[in-house]
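Take a look at the structure set out below.
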Amino acid sequence: METLTMRLNGEEVTVQVEADALLIDVLRERLGFMGTKEACGEGECGACTVLLDGRPVTSCLVPARKAHGREVLTVEGLASGGELHPLQKAFIEHGAVQCGYCTPGMLMSAKALLDRNLHPTDEEIREAISGNLCRCTGYVKIVEAIKAASAG
Amino acid sequence: MRLPSFEHLEPRSLEEALGFLAKHKEQAKIIAGGTELLVCMKHGLLAPAYLVNLKAVRELDFVSEDDGGLRIGALTRLSTLSETPAVRERFPVVAQAAEMVAAPPLQAMGTVAGNLCLNTRCFYYNQSSFWRQARGACYKTGGDRCHVVKGGKRCLATYQGDIAPALIALGATLRMVSNGSEREIPLAELYTGKGRRPLALEPDEIVAEVRVPAPFDGMAGDYQKLRLRGSMDFPLAGAAAVLSRNGSGVCSRARVALTAVGTGPLVVEEATQLLEGQQVTEDLVAQAAEAAYEAARPASNVGSDASYRRKMVRVLTRRAILNAWRKE
């Protein structure tokens, strides 16, 4: 067992993990943060995307120990003070959610984009979510939602 | 999906990392971005007893300018590579290729050396152990046959890296280090073309950095990639061209390299011979593209049909050369 200390959604968390533990499993199984979903397990679908030091990464391919001493943001960390994040509100308002399985990953990729670029073009939005697969809505409503949550 | 168990080693310096590799040899694997290694481990293709994680070896994470050229540390993230001003402005073909790798999360994780050292890939290899059990071992997994070409005498698994052809066309070299020694080789020589052991990298060796020589006068490059989706996919064929134009409008240097149409990246030497010393015309570009078509050796083991991919080499090479020539 190894010690993993990270800032998770703004709070310091310490947990003992196996050397071969993956970040997604630690988040879901050990810490109960079930918002992050696993689908393909191979980094292809983006469902498990979280932010590691502000960068989107597929947590199914991140050894948990790699997050040691770093900041991790999951979908649970978006809302604050009982208020949904503007991106979450926009996803609801624009019908950008159907089954919801890709949504946490989509939100995190969108967050990473807007943190760097408050005025993204449609092309930049599409590029930012190009690692996230959605099998229900198509991408138009998701792009619209992200656009609406941006500063235009 | 579970990972097979392993021991996790976290060296603090390159020297310590090399010590671990020298001690554990084939038992150890280097992990940097993990985007390829962990998938292979989940599929049961690799089960190293030790993972040597380079994340704390900061001395391998840098991009610097050197005598007009570039030095790119092995641990440089692909996203960092494409965002670095010196790369974007002076070697844009490298940024262009790095931005075409997979998707943003994988570019934020994957490293330069990891992408260069991609294992070769095949429909019959990159599968779960359960899936592979049904057919038995092939050359790539230690067996005595090829599932792609019946009666085939060797492994035809395909090299599908995106940044290698661009860097090869720029004349990049690699600095590789092991315990107590180091060597520098042209990047193209990293690739053996052998399916089972596609990289000329010893088990105790680490790729430390990529060196790109100073741009030649009037140089420009372009990379063209064929894939089924606009994102995520490995190339099904790719062509990089780097051309220099001298003051009198003549091509003074030309390099064309292909990816995903052979067991390693391919350098199209005939294209160099055709283009250098000439005014670049549509007709000449068509001849160079034909030479690339002739050199390409795709097998029907990734993405789509081999003959289609081979025909597309002609198209991609033509576009890459013309774009490079017109950019300059």
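One line per chain: the protein sequences are A and B, in this order.
Numbering-wise, the first sequence is residues 15 to 166 according to this note's numbering.
Numbering-wise, the second sequence is residues 43 to 370 according to this note's numbering.
Using N, Cα and C, we set each Cβ at its ideal position, and we do this for glycine too.
Contacting residues, own chain, Cβ-Cβ under 7 angstroms from B/A242 (five flanking each side not counted): Beyond the five residues adjoining it in sequence on each side, B/A242 comes within less than 7 angstroms, by CB distance, of E231, L232, T234 in the same chain, given in chain order.
Please list the partners that B/G76 has in chain A, where partner means a Cβ-to-Cβ separation under 8 angstroms. Residues of chain A whose Cβ lies closer than 8 angstroms to the Cβ of B/G76 are, in chain order, L75, V76, P77, K80.
Closer than 9 angstroms between beta carbons: that is the criterion. Which residues of the stretch 100 to 117 of chain A meet it against chain B? Answer set for the stretch 100 to 117 of chain A: empty.
Closest residue to B/T301 among B/F276, B/V284, B/E324 (Cα-Cα distance): When the alpha-carbon of B/T301 is set against those of B/F276, B/V284, B/E324, the nearest one is in B/F276.
Report the residues of the stretch 144 to 158 of chain B with a CB closer than 9 angstroms to any CB of chain A, ordered along the chain. Cβ proximity to chain A below 9 angstroms picks out A144, A145, P146, P147, L148, Q149, A150, M151 from the stretch 144 to 158 of chain B.
Where the beta strand (DSSP E) containing A/G191 begins and where it ends: Past the boundaries of the shown model lies residue 191 of chain A; chain A is included only from 15 to 166, so the question cannot be answered.
Please report the distance separating the alpha-carbon of B/T314 from that of A/I143. Within the model, the alpha-carbon separation for B/T314 versus A/I143 is close to 39 angstroms.
Of all the CB atoms in chain B, is at least one closer than 7 angstroms to the CB of A/G57? So yes, A/G57 belongs to the interface.
Would you say B/S346 lies against chain A (beta-carbon separation less than 7 angstroms)? It does not: the Cβ of B/S346 has no partner Cβ on chain A nearer than 7 angstroms.
Strand pairing of B/I381, partner residues [DSSP]: Outside the shown range of chain B (43 to 370) lies residue 381 of chain B, about which nothing can therefore be said.
To the nearest whole angstrom, what separates the beta carbons of B/F48 and B/L93, a pair I think is in contact under 8 angstroms? Indeed they touch by this definition, with Cβ atoms about 5 angstroms apart.
Would you call the stretch 194 to 208 of chain B and the stretch 304 to 324 of chain B in contact, with 3 or more CB pairs under 8 angstroms? Result yes; three or more Cβ-Cβ pairs closer than 8 angstroms.
Out of A/T117, A/T28, A/C113, A/T151, state which residue places its alpha-carbon closest to the alpha-carbon of A/Q102. Considering only alpha carbons, the answer is A/T117.
Please report the Cβ distance between B/A299 and B/P207, rounded to the nearest whole angstrom; I am assuming they are in contact, meaning their Cβ atoms lie under 8 angstroms. About 4 angstroms separates the Cβ atoms of B/A299 and B/P207, confirming a contact at the 8 angstroms cut-off.
Check whether chain B comes within 7 angstroms of A/A93, counting only Cβ atoms and requiring the distance to be less than that. No, no contact with chain B.
Beta-carbon proximity list for B/R54, same chain, < 6 angstroms, skipping 5 on both sides: Within the same chain, B/R54 has close Cβ partners A98.
State yes or no: is the beta carbon of B/H6 nearer than 7 angstroms to at least one beta carbon in chain A? A question about residue 6 of chain B goes unanswered here, because the residues of chain B that appear run from 43 up to 370.
Give me the residue from B/L51, B/G272, B/D186 with the minimum Cα distance to A/R197. Residue 197 of chain A is absent from the model: chain A starts at 15 and stops at 166.
If you run the structure through DSSP and keep just helix, strand and coil, what is B/L316? Helix.
Could you tell me which of B/L364, B/S346, B/A341, B/S170 sits nearest to B/K192, measuring between CA atoms? Nearest C-alpha to B/K192: B/A341.
First and last residue of the alpha helix (DSSP H) that includes B/H50? Counting along the chain, B/H50 falls outside any alpha helix (DSSP H), though it belongs to the beta strand (DSSP E) covering 49 to 51.
Which one of B/I72, B/L326, B/T215, B/G222 has the shortest CA to CA distance from B/P228? Nearest C-alpha to B/P228: B/T215.
Going along chain A in order, which residues have a C-beta closer than 9 angstroms to the C-beta of B/L45? Residues of chain A passing the Cβ test: D34, A35, L36, P77.
Counting contacts by CB-CB distance shorter than 7 angstroms, is A/G49 in contact with chain B? It does not: the Cβ of A/G49 has no partner Cβ on chain B nearer than 7 angstroms.
Can you name the residues of chain A whose CB is closer than 9 angstroms to the CB of B/L80? Against chain A, the beta carbon of B/L80 has neighbours under 9 angstroms at L36, E56, G57, C74, L75, V76, P77, listed in chain order.
Helix, strand or coil: how does DSSP classify A/Q30 here? Note: A/Q30 maps to strand in three-state DSSP.
Interface positions of the stretch 143 to 155 of chain A facing chain B (Cβ-Cβ less than 9 angstroms), listed along the chain: Taking 9 angstroms as the Cβ-Cβ cut-off against chain B, the residues of the stretch 143 to 155 of chain A that qualify are I143, S144, G145, N146, L147.
Is the CB-CB distance between B/R295 and B/F258 below 7 angstroms? Yes. Within cutoff.
Cutoff 7 angstroms: B/S273 Cβ touching any chain A Cβ: Closer than 7 angstroms to some Cβ of chain A, the Cβ of B/S273 qualifies, so yes.
Close-in-space but distant-in-sequence residues of the same chain around A/K155 (CB under 6 angstroms, 5 per side omitted): Same-chain partners within the cutoff: H108, G109, A110.
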